[in-house]
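Be aware that the sequence shown starts at 6, since it is given in this note's numbering, and climbs by one per residue.
From the three backbone atoms N, C-alpha and C, an ideal C-beta is built for every residue, glycine too.
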Amino acid sequence: MRTRQMLADLSATVRLVWSASPGLLSLILVLSILLALVPAATLWVGKLLVDEVARAIAGEFQNAADAYRTLATLLALQVGIAIGASLVQTVYGTARELLGDTLQNRISLRILHKAAALDVESFENAETYDALRNAYNEVGSRPLGVMFQVIGIGQALITLASIGGLMARLGWEVLPLVLLAS
Numbered sequence: 006m007r008t009r010q011m012l013a014d015l016s017a018t019v020r021l022v023w024s025a026s027p028g029l030l031s032l033i034l035v036l037s038i039l040l041a042l043v044p045a046a047t048l049w050v051g052k053l054l055v056d057e058v059a060r061a062i063a064g065e066f067q068n069a070a071d072a073y074r075t076l077a078t079l080l081a082l083q084v085g086i087a088i089g090a091s092l093v094q095t096v097y098g099t100a101r102e103l104l105g106d107t108l109q110n111r112i113s114l115r116i117l118h119k120a121a122a123l124d125v126e127s128f129e130n131a132e133t134y135d136a137l138r139n140a141y142n143e144v145g146s147r148p149l150g151v152m153f154q155v156i157g158i159g160q161a162l163i164t165l166a167s168i169g170g171l172m173a174r175l176g177w178e179v180l181p182l183v184l185l186a187s
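This is the structure we're talking about:
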C-alpha cells in the first residue's frame, strides 16, 4: 500500500513538473541521456586509442603518417567528446535553472490563487497562515528535487548499462567488477 502511494505521489510530481514546461523537461531528459553515455563513449575511444598505439608500436601501419593521422583523429575525437560533454552540461544546467524558475512561478501563482479564494478569517488562523507560508517558502524546490533525483537514477542506470555492455565485450568475468565498482 505504501509503495502504491509513493508511486502516485511520484506520478503527481512528474505531472506537475511536466506541466510547468514540457519543452524544458524534454530537453533535460535528452541531455541527461547524452551525459549518461559520455563515460562509455570516452572509454570506447580510449580503448580505440590504446589499440591504435599498440598497432603503431607493432609496425602495422604502412608509414608513420598513417599512424599519426589515425592517432590524431582518435585524440581529436576524445577531446571533442570532452568539449561536447562540457557544452551539454552547461546547457543542462541552464535548462535546469530555467525549469526551476518556471515551476516556482507556476506553483506560486497556484498558491496565490488559492490564498485569494480564502476569506479574511482564514488568514487570522495561525495554522492556515503557517501552511500557506510554508508552501510558499518551499515552492518548487521539493518537486524539482524529486524530479532530478529520478532523472539522476535513470542517468546512472544508462551509464551502468552502457559501460557494462562495453565491458561485457571483454568477457563475462568483467561484469561483476563493473557492478562492484558502481
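Item: Terminal residues of the alpha helix (DSSP H) in which Gly-98 lies; Value: 69-122
Item: Where Gln-154 falls, given that 16 or more other Cβ within 10 Å makes a residue buried; Value: exposed
Item: Assigned secondary structure, Ala-63 (DSSP; H/G/I helix, E/B strand, else coil); Value: coil
Item: Cβ neighbour criterion (16 or more within 10 Å) applied to Ser-91; Value: exposed
Item: First through last residue of the alpha helix (DSSP H) which encompasses Arg-174; Value: From DSSP, Arg-174 is part of no alpha helix (DSSP H); its letter is neither H nor E.
Item: Coil, strand or helix - Ser-26 by DSSP; Value: coil
Item: Status (buried if at least 16 other CB within 10 Å, exposed otherwise) for Arg-107; Value: Rather than Arg, the amino acid found at residue 107 in this sequence is Thr. Per the 10 Å Cβ criterion, buried.
Item: Cβ pair Leu-53, Gln-160 closer than 9 Å; Value: no
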